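Chemist: The opening position of the sequence shown corresponds to residue 5 in the numbering used here, with each subsequent residue numbered one higher. Note that beta-carbon positions come from the ideal geometry of N, C-alpha and C, so glycine has one too. If you're wondering where the values come from, they're calculated on a predicted model, not measured in any experiment.
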Amino acid sequence: MTLRTPESARHEIKFVAYHIHYHHILHWLHLHPAGFIVPYPERWVNNIYFDTADYTAYTDNLLGASARTKVRYRWYGKSQTPAAGTLEIKQKRNYFGWKLHFEINDAPYTPGANWKGIYQLLSRQLPPKGKNWLDTNPLPVLINRYFRKYFVSADGKFRVTLDNYQTVWDQRFKMYPNFSHRAILPNTFVVELKFDRTDGALASQLIQGIPIRVSRHSKYINGVRAISGN
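Here is the structure:
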């Protein structure tokens with residue numbers, strides 16, 4: 005399927021570094037002339053990533069396809085079990101990204117629920133378009149979580165997120181969600197800069213002097229590699 009890039013799509017640049025550099029990035033942000041502020045509190049971000057039986061999303065991302073899509077269920081907070089949240093369809097075309105959102109008001113998990121039950125609780129709360137995305141990506145591959153800090157420039161043009169303390173749990177071939185056996189991930193954090201496509205020149209100036217390098221990075225790809233041992 006060919007993706008058309010909407011006007012609202014934003015440019016995304018990612019940086020990855022080991023945890024020892026985390027406070028260097030915080031220092032860089034606090035002293036930056038763009039005047040970064042904290043727009044809202046830091047929080048835990050939790051995701052279930054879904055894929056097709058032949059791992060289309062994983063393969064497309066691994067091969068660097070220009071148009072690619074990920075389906076995930078996201079909820080916020082300390083709860084490791086799925087709470088009320090949003091089914092997100094994250095779409096990318098080259099460096100531009102945008103999302104479709106489908107709100108889930110009732111938690112799709114009850115104690116002892118299996119994946120079939122979770123899927124049904126999600127599906128019944130989705131409109132036809134959202135249900136179609138879930139139906140075509142029915143396989144729960146992994147659950148991941150991380151602690152996110154938010155920053156926005158004083159002019160509102162640039163948003164920066166810092167994701168730290170990443171954890172991933174393998175859900176493949178599981179009848180019930182696995183919340184106990186974690187995969188091993190490197191001790192890294194992710195910085196993501198987002199901005200409108202018209203602000204590319206300003207973004208190039210903004211990232212001058214950042215003490216880490218730009219990196220092609222996908223939490224889903226790295227998560228699959230961790231759980232599969234690749």
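Put residue 44 into one of helix, strand or coil per three-state DSSP.
Modeler: coil
Chemist: With H, G and I counted as helix, E and B as strand and the rest as coil, what does DSSP make of residue 227?
Modeler: helix
Chemist: Is it the case that the Cβ atoms of residue 76 and residue 180 are separated by a distance below 9 Å?
Modeler: no
Chemist: To which residues does DSSP link residue 71 through a beta bridge?
Modeler: 97
Chemist: With three or more C-beta pairs closer than 8 Å as the rule, is the region 139 to 151 touching the region 48 to 57?
Modeler: Contact between the region 48 to 57 and the region 139 to 151 is present, because at least three Cβ pairs lie under 8 Å.
Chemist: Taking the straight line between their C-alpha atoms, what separation do you get for residue 211 and residue 88?
Modeler: Cα to Cα, the separation comes out at about 36 Å.
Chemist: Taking 8 Å as the limit between beta carbons, can you name the residues of its chain near residue 32, skipping five residues before and five after?
Modeler: 213, 214, 215
Chemist: Ends of the beta strand (DSSP E) at residue 21?
Modeler: 14 to 22 is the extent of the beta strand (DSSP E) around residue 21.
Chemist: Based on DSSP bridge pairs, tell me the residues matched to residue 146.
Modeler: In DSSP, residue 146 forms a bridge with 53, 174.
Chemist: What is the rounded straight-line gap between the Cα of residue 93 and the Cα of residue 61?
Modeler: 11 Å
Chemist: Under DSSP, the alpha helix (DSSP H) around residue 198 begins and ends at which residues?
Modeler: Looking at the DSSP string, residue 198 is not in any alpha helix (DSSP H); the run it does join, the beta strand (DSSP E), is 192 to 200.
Chemist: Output yes or no for whether 9 Å exceeds the beta carbon distance between residue 99 and residue 16.
Modeler: yes
Chemist: State the start and end residues of the unbroken alpha helix (DSSP H) segment that holds residue 139.
Modeler: 132 to 140
Chemist: Quick one: grab the DSSP three-state call for residue 109.
Modeler: coil
Chemist: Using DSSP with H/G/I as helix, E/B as strand and the rest coil, what is residue 168?
Modeler: strand
Chemist: On the DSSP bridge list, what partners appear for residue 89?
Modeler: Answer by DSSP bridge pairing, in chain order: 108.
Chemist: From residue 247 to residue 51, what distance separates their C-alpha atoms?
Modeler: The question about residue 247 has no answer here: the residues shown for the chain are numbered 5 through 234.
Chemist: In this structure, does DSSP put residue 123 in helix, strand or coil?
Modeler: When DSSP states are grouped into helix, strand and coil, residue 123 belongs to the helix group.
Chemist: Can you name, in chain order, every residue of its own chain whose Cβ lies under 6 Å from the Cβ of residue 168, other than the five neighbours on each side?
Modeler: 151, 193
Chemist: Between which residues of its own chain and residue 23 is the CB-CB distance below 8 Å, once the five residues before and five after are set aside?
Modeler: 168, 191, 192, 193
Chemist: Going by alpha carbons, who is nearest to residue 71 out of 10, 154, 43, 27?
Modeler: 10
Chemist: Just to check my reading of the structure: residue 165 and residue 148 have Cβ atoms closer than 8 Å, yes? What is that Cβ distance to the nearest angstrom?
Modeler: Cβ atoms of residue 165 and residue 148 stay farther apart than 8 Å, at about 15 Å.
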